[in-house]
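Anchor point for the sequence shown: position 18 equals 80 in my numbering, and the numbering is continuous, going up by one each time. First comes the structure, then the notes that go with it.
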Amino acid sequence: QKYYDRAREYSLKGSVLYKKTGYLGEYAELTLLKAEYEVLDDAYDLAMNTLEELEKLCIDAGGEYYLAKTYIQLHKLSKDNKDAYLAKATDVANRIGAKDLLNDI
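Given below as structure tokens:
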């Protein structure tokens, strides 16, 4: 058993509940956190898949704020394309007037 298994389990359960009930902001927050736990548990590929799925959802649903947060998380956790993710995060954050998101980088 990995160290963060329980945290991953509960974040998954919570995110599924939020998605089913339409609370997409809460779903996105838990999904971003779940990806961190996955990286901490050496499940890097799973974390990248998690974030790529969230990216698609944000694009489809028009959730620009969480799209920027997803790109920031990809920038932080990714082994590759860090500069590309940072550029995307910066572009989206500037476009929606959420430059404060970039303070976390």
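Backbone N, C-alpha and C fix where the C-beta goes; we use that ideal spot for every residue, glycine too.
Other residues of its chain near residue i: CB distance less than 7 Å, five sequence neighbours each side excluded
| i | result |
| --- | --- |
| Ala160 | Tyr127, Ala130 |
| Ser73 | Leu92, Leu95, Lys96, Tyr99 |
| Lys81 | Tyr89 |
Buried versus exposed, by CB contacts within 10 Å (16 or more), residue i
| i | result |
| --- | --- |
| Ile134 | buried |
| Ala155 | buried |
| Thr83 | exposed |
| Tyr136 | The question names Tyr, but residue 136 in the sequence shown is Leu. By the 10 Å Cβ count, Leu136 comes out buried. |
| Leu79 | exposed |
| Asp157 | For the sequence presented, residue 157 should be read as Arg rather than Asp. When all chains shown are included, Arg157 counts as exposed. |
| Ala146 | exposed |
Of the residues the options, the one placed nearest residue i, counting alpha carbons only
| i | options | result |
| --- | --- | --- |
| Ile167 | Ile158, Lys144, Arg157 | Lys144 |
| Ser140 | Ala109, Tyr65, Ala69, Tyr66 | Ala109 |
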